[in-house]
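Residue numbers (our numbering): 131 to 608.
Glycine included, every Cβ here is placed at the ideal spot set by N, Cα and C.
Every value quoted in this text rests on a predicted model; they were computed, and no experiment measured them.
Structure, as structure tokens:
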Ligand SMILES: *Cc1c(COP(=O)(O)O)cnc(C)c1O
């Protein structure tokens, strides 16, 4: 077979070198990153009529895109709960692209299917979930939530004699959906895709950290006697709080309900003997969504849809066609657990990442991040005018400045202007807070003094500005 070797060599080496240079370069400040409009301006030209040399195209891509890249792989990036794209996962991901495997089928792509099967076993072990559960390799927690809730919908309706996969939802028995009041926005997207509706849910009251109140759940079940899905959460996006799984699973299962857990990042508390009390009982649920591109540090995109009832998972997702050879001896097709047929072979990077870190490396990283959040919280709590908004249980820290929205937003703005660390604003219980999400593989105690210093410095600067009268910057931030 022809490989076109010389052409490919040049362009692949060029890309690898540019990637290495990018990761070695100092991270730009938040405000030093070029805007969307700027980058668009450099790209916006008519459709090219003729070919351009591949190496020139890749060089141009690097030149034009680099100014608009946020420093998401930096150890002082705390803006959102996102991982750092660990170099091991990135390297495996380069090969994934180069190998060009379409990962839907055991016979067609044996290596990819085998990698996914091994990663599934490792993942269930790491996360302390039932060893016989099935795992779908998806793009992220949003689609993992969708897949898991699809399995729930199909199985609950099957139990009352309705085949939703064949007959659809018209005329089907009603499914009630119960969900914590502080659930992540994306589970509502999943409900929308599935015809379950984002607004016809029963919202369950939560405590001050965003954890579902079991007594409120019991009350809600009193008026339900048909099929029901309870959507719980490991890792509230602002507080990191996890629902009390032992209690709520027991209440929900007494009513025959399916319990789904959105554990995009919080489920990883399971890997730590010091933190797994937070997720106690989570293995009692029926399905779990989690991310690979958050706490496992895999490059985008990577998520896992995990379902205890393998048959329910297969019924809602499997694809059959005459031109797709099927595996013998009931080996599981990777496409039977995800919405896609053709897709990225995500098992290679996941295999490499888990193989490289091992159980102890993953545990060490999770604990280091939680310890960092706790230590930073202690430092900040000792600075007058800064309040730690909720108890720090996991890797999330919320700070409020001067008991004011203006002062808090202005401090976030000032930190971003200074450009050494990235934090973000969020609304919690109607008040603006600064959120610090610790989720990068390279973040550790060596950054603590710098990060605490930046927060204290920015807050000091804001206080001066507030006292001195002109509040233009602070007001602009709102
Ligand atoms: C990030 C997150 C999601 C969405 O995950 P994606 O990977 O962005 O699709 C869902 N739920 C929670 C709790 C999250 O933190």
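Residue state for residue 530 is assigned as strand, using DSSP reduced to three classes. No Cβ-Cβ contact shorter than 9 Å links residue 429 with residue 356. In the three-state reduction of the DSSP assignment, residue 292 falls in the coil class. Bridge partners of residue 181 according to DSSP: none are assigned.
Taken atom to atom, the span from the alpha-carbon of residue 409 to that of residue 373 is near 7 Å.
Per the Cβ contact rule, the stretch 193-206 is not in contact with the stretch 374-393 (fewer than 3 Cβ pairs under 8 Å). Judged by their CB atoms, residue 478 and residue 229 are nearer to each other than the 9 Å cut-off. Remark: the C-beta of residue 314 is in contact range of ligand 1, defined as less than 8 Å to any heavy atom. At least one heavy atom of ligand 1 sits closer than 8 Å to the Cβ of residue 433. Around the Cβ of residue 571, a 10 Å sphere holds 16 or more other Cβ atoms; the residue is buried. One thing to note: residue 424 has its Cβ no nearer than 9 Å to the Cβ of residue 281. Taking a cut-off of 8 Å for Cβ pairs, the stretch 488-508 and the stretch 236-244 do not touch, as fewer than three such pairs fall below it.
The C-alpha of residue 592 lies about 16 Å from the C-alpha of residue 562. If you compare the alpha carbons of 260, 207, 153 and 493 with that of residue 221, the shortest gap goes to 153.
According to DSSP, residue 356 shares a beta bridge with no other residue. Assigned with DSSP and collapsed to three states, residue 284 falls in helix. Between ligand 1 and residue 405, a heavy atom-to-CB distance of less than 8 Å is absent. Distances from the alpha-carbon of residue 316 to those of 421, 264 and 351 put 421 closest.
A distance below 7 Å between beta-carbons, with the five flanking residues on each side excluded, links residue 250 to the following residues of its chain, in chain order: 265. Excluding the 5 residues flanking it on each side, residue 287 has same chain C-beta neighbours closer than 8 Å at 293, 294, 302, 303, 305 and 357, in chain order. Taken atom to atom, the span from the alpha-carbon of residue 236 to that of residue 564 is near 47 Å. Where residue 158 is concerned, there is no enclosing alpha helix (DSSP H), because DSSP gives it neither an H nor an E. Residue burial is scored here from C-beta neighbours: residue 516 has at least 16 other C-beta atoms within 10 angstroms and is therefore classed as buried. Judged by DSSP in its simplified three-state form, residue 233 adopts coil rather than helix or strand.
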